[in-house]
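K.L.:
One structure follows; several queries about it will come next.
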Amino acid sequence: MITSGKVVTLHYVLRDSESEIIDQSEPDQPLSYLHGAQNIVPGLEIALEGKSVGDELDVTVNPEDGYGELDPDMQVELPRTQFEPDEELEVGAQFEMEVDGHYEVATITDIHPDRVIADFNHPLAGQTLFFSVSILDVRDASETELSHGHVHGVGGHDH
Ligand code: ZN
Numbered sequence: 579m580i581t582s583g584k585v586v587t588l589h590y591v592l593r594d595s596e597s598e599i600i601d602q603s604e605p606d607q608p609l610s611y612l613h614g615a616q617n618i619v620p621g622l623e624i625a626l627e628g629k630s631v632g633d634e635l636d637v638t639v640n641p642e643d644g645y646g647e648l649d650p651d652m653q654v655e656l657p658r659t660q661f662e663p664d665e666e667l668e669v670g671a672q673f674e675m676e677v678d679g680h681y682e683v684a685t686i687t688d689i690h691p692d693r694v695i696a697d698f699n700h701p702l703a704g705q706t707l708f709f710s711v712s713i714l715d716v717r718d719a720s721e722t723e724l725s726h727g728h729v730h731g732v733g734g735h736d737h
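Have a look at this one:
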């Protein structure tokens with residue numbers, strides 16, 4: 579049974595509100611995560627609590643339990659000089675920028691000759707997420723996995 583400190587292996591399909599598939603596990607590459615360590619969005623983690631191998635479930639996750647609400651303050655104007663002069667910019671492209679000492683992913687939403695508008699919201703912020711999940715395996719996490727807060731080995735970190 580899935581509780582804190584278990585490593586859960588599952589297949590998932592993630593759809594948006596139009597039933598379009600946004601993301602899914604590869605047939606030969608299920609997702610493994612450490613339950614209770616915030617490796618996955620809170621709404622999905624809560625729904626999986628207490629479930630067992632063989633269970634299949636559909637989970638609807640609201641933005642506040644997913645990737646958060648869209649925050650208008652996360653849309654910023656950057657001077658064009660922030661980018662290399664010959665760098666080809668296009669709307670929808672993602673780039674990484676150092677913010678307060680760590681790297682954040684942003685999406686370009688508009689381009690002007692002198693400035694670029696970038697959105698630092700998670701691409702799935704503001705979206706209701708529809709997961710279909712089937713649970714393949716549940717095992718105890720190792721001491722190392724618990725101290726690292728993530729899964730090692732197949733489907734996880736290999737360090
Ligand atoms: Zn580790």
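Taking the working numbering, the leading residue of the sequence shown gets 579, the next gets one more, and so forth.
The C-beta atom is built at its ideal place from N, Cα and C for all residues, glycine as well.
Predicted model only: the values in this text are computed from it and were never measured.
#1: I'd like the list of long-range same chain contacts for T669, defined as Cβ closer than 6 Å, with 5 residues on each side in sequence excluded.
#2: Can you give the Cα-Cα distance for A703 and P620, rounded to whole angstroms?
#3: Under a three-way DSSP split, which group does L626 fall into?
#4: State the DSSP-derived secondary structure class of S725, mapped to helix, strand or coil.
#5: Output needed for L724: all residues of its chain with C-beta closer than 7 Å, excluding positions within five of it in sequence on either side, in chain order.
#6: Contact defined as beta carbons within less than 8 Å: I believe V711 pairs with Y611. What is the distance between those atoms, to the nearest angstrom?
P.N.:
Looking at the atomic coordinates:
#1: For clarity, residue 669 is Val in the given sequence; the question names Thr instead. Excluding residues within five positions, the ones whose Cβ falls inside 6 Å are I686.
#2: 13 Å
#3: helix
#4: helix
#5: G583
#6: About 11 Å separates the two Cβ atoms, so there is no contact after all.
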